[in-house]
Structures are given as C-alpha cells and as structure tokens.
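Asks:
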Amino acid sequence: MNYQQKCAKCRSRKIDYTEAINRPLYISIYAAVLVVLGTIGVAVQGTPVIFLFLGLIGAFVLFAFRTHLERNKIVKCVCLDCGERWQTAANAKQKQTK
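Numbered per the UniProt record's numbering, the sequence shown spans residues 1 to 98.
(1) I need the straight-line Cα distance from R85 to T39, nearest angstrom please.
(2) Going by the DSSP bridge assignment, what does K76 pair with across the sheet?
(3) Cα-Cα, which of E19, L52, L25, V42 is closest to Q87?
(4) Using the beta-carbon count (16 or more within 10 Å), is A43 buried or exposed?
(5) On the premise that K9 lies in contact with C77, defined as a C-beta separation below 8 Å, what is that separation, rounded to the nearest angstrom?
(6) Got a sec? Which residues, its chain only, sit under 6 Å from S12 by beta carbon, not counting five neighbours each side?
(7) Are the Cβ atoms of K41 and I50 separated by less than 8 Å?
(8) I need the straight-line Cα distance from L54 to I21, nearest angstrom please.
Written as structure tokens, this is what we have:
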C-alpha cells in the first residue's frame, strides 16, 4: 500500500480502504472504441481477418486506457475507530518521490 497508514485525527491503524476508478468513464470509452472499430470494419467491408485485427487493436487501446485510469485511481479511507473519512491518490507517495 502506498497510501497513508494512520488516521490523521486519532492516529489509529484500523482503516478501511476502498479503491475506485472512474467506472462510467471507462464504460463510455469502451463503448466508443467498439463503435468506432465496428464502423471501420463495416465501412471497409471487412473480412473475418480484418475484424480479428480490429478486435486486437481495440483490446490494446482499452488496455492502455485501463492502465492510465488505474494510475489515477482514488482511494477512499474510513477510520474504523473515529469514523473520519478522507480520499487520497493510490500512487501519491510514488509521485512525491519522483
């Protein structure tokens, strides 16, 4: 874990972590990539081989977007002792050391 290990208010180590990416953004990017690749495949009157390559390109593009979103994900923290809530970036320490 690269994020804060103690509560700032009570210094407790009992913290509940919830990691989240921007899921609606990922779903809309996924749909847009599929629509664009499908349109390209139909426009060039693609054979199954062309659709295979378009599918592989789509998988790579979605992998790149997912990797970028994972680097920017948000971690929501809740102290189990005092109930304090805060948010932090998952890679905040790594970004500070660079």
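Glycine residues also receive a C-beta, built at the ideal position from the N, C-alpha and C atoms.
Quick caveat: nothing in here was measured; it's all calculated off a predicted structure.
Replies: According to the data block:
(1) In the sequence shown, counting from the first residue as 1, residue 85 sits at position 85. In the sequence shown, counting from the first residue as 1, residue 39 sits at position 39. About 45 Å.
(2) The residue you call residue 76 lines up with position 76 of the sequence shown. According to DSSP, which records beta bridges pairwise, K76 is partnered with T18, Q87.
(3) Start at 1 with the first residue of the sequence shown, and residue 87 comes out as number 87. With distances taken between Cα atoms, Q87 lies closest to E19.
(4) Here residue 43 refers to the residue found at position 43 of the sequence shown. Burial call: exposed.
(5) Translated into positions along the sequence shown, residue 77 becomes position 77. Translated into positions along the sequence shown, residue 9 becomes position 9. C77 to K9, Cβ: 11 Å. No contact.
(6) As a working note, residue 12 is residue 12 in the sequence shown. The beta carbon of S12 sits closer than 6 Å to those of C79, D81, all from its chain and outside the five residues before and after it, given in chain order.
(7) On the sequence shown, position 41 is the one that residue 41 refers to. On the sequence shown, position 50 is the one that residue 50 refers to. According to the sequence displayed, residue 41 carries Gly and not Lys. Yes.
(8) In the sequence shown, counting from the first residue as 1, residue 54 sits at position 54. In the sequence shown, counting from the first residue as 1, residue 21 sits at position 21. Looking at the two C-alpha atoms, the distance is approximately 26 Å.
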